[in-house]
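Protein chains: 2
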Amino acid sequence: MYQPLHQFKAEFFKALGHPLRLVILEQLIAGEKSVTDLQAALGVDQSSVSQQLAILRTRNIVETRKDGTSVFYRLRDPLLAELLELARSIFNNHLIDTQAMLQQLATTDT
Amino acid sequence: MYQPLHQFKAEFFKALGHPLRLVILEQLIAGEKSVTDLQAALGVDQSSVSQQLAILRTRNIVETRKDGTSVFYRLRDPLLAELLELARSIFNNHLIDTQAMLQQLATTDT
DNA sequence: ATCAAATATACAAATATTCATATATTTGAG
DNA sequence: CTCAAATATATGAATATTTGTATATTTGAT
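Going down the list, the protein sequences come from chains S and E. Throughout the first sequence, residue numbering follows my numbering, covering 1 to 110 in sequence. Throughout the second sequence, residue numbering follows my numbering, covering 111 to 220 in sequence.
As structure tokens, this is what we get:
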């Protein structure tokens with residue numbers, strides 16, 4: 001229906017489009033983490049973490065390493081950290097714009 | 111349920127997670143375009159373009175300018191172009207990795 | 001005032017995602 | 001071998017997104 005490449009890119013962004021998956025990825029920027037680590041850091045149940053990790057895995061956004069019964073996850077591409085950082089800048093701009101707009105609405109007497 | 115900021119970021123990435131919306135954004139990197147321009151360039155019907163533009167608008171990813179009966183769309187933040195470019199690099203890495211993997215599968219005789 | 005062009009919105013069926021709950025699988029320790 | 005810890009998967013109901021079709025709105029020209 002669409003070009004495969006665009007479909008592929010859309011899948012990638014869709015994979016980033018979930019709050020818990022974003023928090024997981026932010027954790028992984030700092031270095032690899034086991035499922036238990038993530039579970040503890042995020043305060044969510046094991047199944048939820050595994051479910052979301054599975055999605056990131058199938059989209060090739062994260063990679064794994066097994067050690068005993070633990071599975072350690074890490075970002076597949078360091079550029080992803082840059083991408084998330086760049087996204088943060090965009091959000092900041094956006095928030096600043098929104099603030100400025102609200103400010104103007106509040107102070108304009110027309 | 112989740113932190114508002116993470117929810118907000120997720121909304122942003124979700125907005126990018128659609129093939130047609132990605133193609134639209136790629137067009138807009140080159141400069142502002144009217145709905146008709148986009149419709150012609152992408153070969154899709156008017157309604158679909160407007161629908162997807164509406165989503166990009168509500169997520170504050172694009173801005174508009176009216177001129178007569180035409181509405182011109184442009185990226186709200188130039189950083190978005192950088193983000194899409196960075197994403198492209200990540201996809202390329204991924205595709206190269208996948209190719210290398212297939213190559214190895216094909217040439218290994220174990 | 002009327003018309004046509006350009007754009008936006010409404011609606012609903014099809015499809016996909018989310019998320020909680022339950023169950024499986026894998027691995028190392030004893 | 002048995003058990004417990006760690007992780008993964010299955011299932012399904014609730015919710016959200018997609019997408020085609022129809023209709024509405026806005027604007028400039030005549």
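For each residue, glycine too, the CB sits at the ideal point set by N, CA and C.
Exercise for the section: Compute the beta-carbon to beta-carbon distance between L20(S) and V44(S), rounded to the nearest angstrom, for a pair I have assumed lies under 8 Å. Expected result: Within the first sequence, residue 20(S) is the residue found at index 20, counting from 1. Within the first sequence, residue 44(S) is the residue found at index 44, counting from 1. 7 Å between Cβ atoms; contact.
Practice task
Have a look at the DSSP bridge pairing and note the partners of A174(E).
Solution key: Position 64 of the second sequence, counted from the first residue, corresponds to residue 174(E). Per the sequence shown, the amino acid found at residue 174(E) is Thr instead of Ala. For T174(E), DSSP records a beta bridge to Y183(E).
Exercise for the section: Report yes or no: is there a C-beta of chain S within less than 7 Å of the C-beta of F182(E)? Expected result: In the second sequence, the residue the question calls residue 182(E) occupies position 72. False, the Cβ-Cβ gap to chain S never drops below 7 Å.
Practice task
Compare the C-beta of P4(S) against all C-beta atoms of chain E and say whether one is closer than 7 Å.
Solution key: Along the first sequence, one-based indexing puts residue 4(S) at 4. Against chain E, the CB of P4(S) has no partner CB under 7 Å away; the residue lies outside that interface.
Handout entry: Backbone CA spacing between D77(S) and I61(S) [nearest angstrom]
Key = The residue you call residue 77(S) lines up with position 77 of the first sequence. The residue you call residue 61(S) lines up with position 61 of the first sequence. D77(S) and I61(S) have their C-alpha atoms roughly 7 Å apart.
Practice task
Using a Cβ-Cβ cut-off of 7 Å, state whether D77(S) counts as contacting chain E.
Solution key: Residue mapping note: residue 77(S) aligns to position 77 of the first sequence, counting from 1. Yes, its Cβ sits closer than 7 Å to a Cβ of chain E.
Handout entry: Minimum C-alpha distance to I139(E) - residue among Y183(E), F122(E) and P114(E)
Key = Within the second sequence, numbered from 1, the residue matching residue 139(E) stands at position 29. The shortest Cα separation from I139(E) among Y183(E), F122(E) and P114(E) belongs to Y183(E).
Problem - Same chain only: Cβ atoms within 8 Å of G141(E), ignoring 5 sequence neighbours per side - result: Start at 1 with the first residue of the second sequence, and residue 141(E) comes out as number 31. Contacts found: R184.
Problem - Element boundaries [alpha helix (DSSP H), containing V133(E)] - result: For the purposes of this step, residue 133(E) is taken as the residue at position 23 of the second sequence. It spans P129 to I139 - the alpha helix (DSSP H) in which V133(E) sits, taken as one unbroken run.
Handout entry: Pair within 7 Å by beta-carbon distance, L86(S) and L193(E)
Key = Position 86 of the first sequence, counting from 1, holds the residue named residue 86(S). Position 83 of the second sequence, counting from 1, holds the residue named residue 193(E). Yes, the pair counts as a contact, with Cβ atoms nearer than the cut-off.
Problem - Straight-line gap, F123(E) to G17(S) (C-alpha atoms, nearest Å) - result: For the purposes of this step, residue 123(E) is taken as the residue at position 13 of the second sequence. For the purposes of this step, residue 17(S) is taken as the residue at position 17 of the first sequence. The straight-line gap from Cα to Cα measures roughly 5 Å.
Problem - Contacting positions in the segment 14 to 33 of chain S - beta carbon closer than 9 Å to chain E - result: Within the segment 14 to 33 of chain S, contact with chain E at the beta-carbon level (separation under 9 Å) is assigned to K14, A15, L16, G17, H18, P19, L20, R21, L22, V23 and E26.
Problem - Any C-beta of chain S under 7 Å from that of I165(E) - result: The sequence position of residue 165(E) within the second sequence is 55, counting from 1. It does not: the Cβ of I165(E) has no partner Cβ on chain S nearer than 7 Å.
Exercise for the section: Would you please state the rounded distance, in angstroms, between the beta carbons of F8(S) and K119(E)? I believe it to be under 8 Å. Expected result: Counting from one through the first sequence, the residue named residue 8(S) turns up at place 8. Counting from one through the second sequence, the residue named residue 119(E) turns up at place 9. Rounded, the Cβ-Cβ distance is 21 Å, inconsistent with contact.
Practice task
Measure from the C-beta of N93(S) to each C-beta in chain E and report whether the shortest distance is under 7 Å.
Solution key: Counting from one through the first sequence, the residue named residue 93(S) turns up at place 93. Between N93(S) and chain E, the shortest Cβ-Cβ separation is below 7 Å.
Practice task
Examine the ligand FAD and report whether any of its heavy atoms sits within less than 6 Å of the Cβ of A150(E).
Solution key: Among the components of this structure there are no ligands whatsoever, and the ligand FAD is therefore not found.
Exercise for the section: For my contact list, E11(S) and R59(S) are in at a C-beta cut-off of 8 Å; report their separation, rounded to the angstrom. Expected result: Along the first sequence, one-based indexing puts residue 11(S) at 11. Along the first sequence, one-based indexing puts residue 59(S) at 59. Contact flag correct, Cβ pair sits at about 6 Å.
Problem - L56(S) to V23(S) span [Cα, whole Å] - result: Locating residue 56(S) in the first sequence gives position 56, counting from the first residue. Locating residue 23(S) in the first sequence gives position 23, counting from the first residue. Their Cα atoms are separated by approximately 12 Å.
Problem - T98(S) versus A150(E) - alpha carbon distance - result: Locating residue 98(S) in the first sequence gives position 98, where the first residue counts as 1. Locating residue 150(E) in the second sequence gives position 40, where the first residue counts as 1. About 33 Å.
Exercise for the section: For L16(S), name the three-state secondary structure that DSSP assigns. Expected result: Locating residue 16(S) in the first sequence gives position 16, counting from the first residue. Of the three classes helix, strand and coil, the one that applies to L16(S) here is helix, per DSSP.
Exercise for the section: Compute the Euclidean distance between the alpha carbons of H204(E) and T217(E), then round it to the nearest angstrom. Expected result: Translated into positions along the second sequence, residue 204(E) becomes position 94. Translated into positions along the second sequence, residue 217(E) becomes position 107. One C-alpha to the other measures close to 20 Å.
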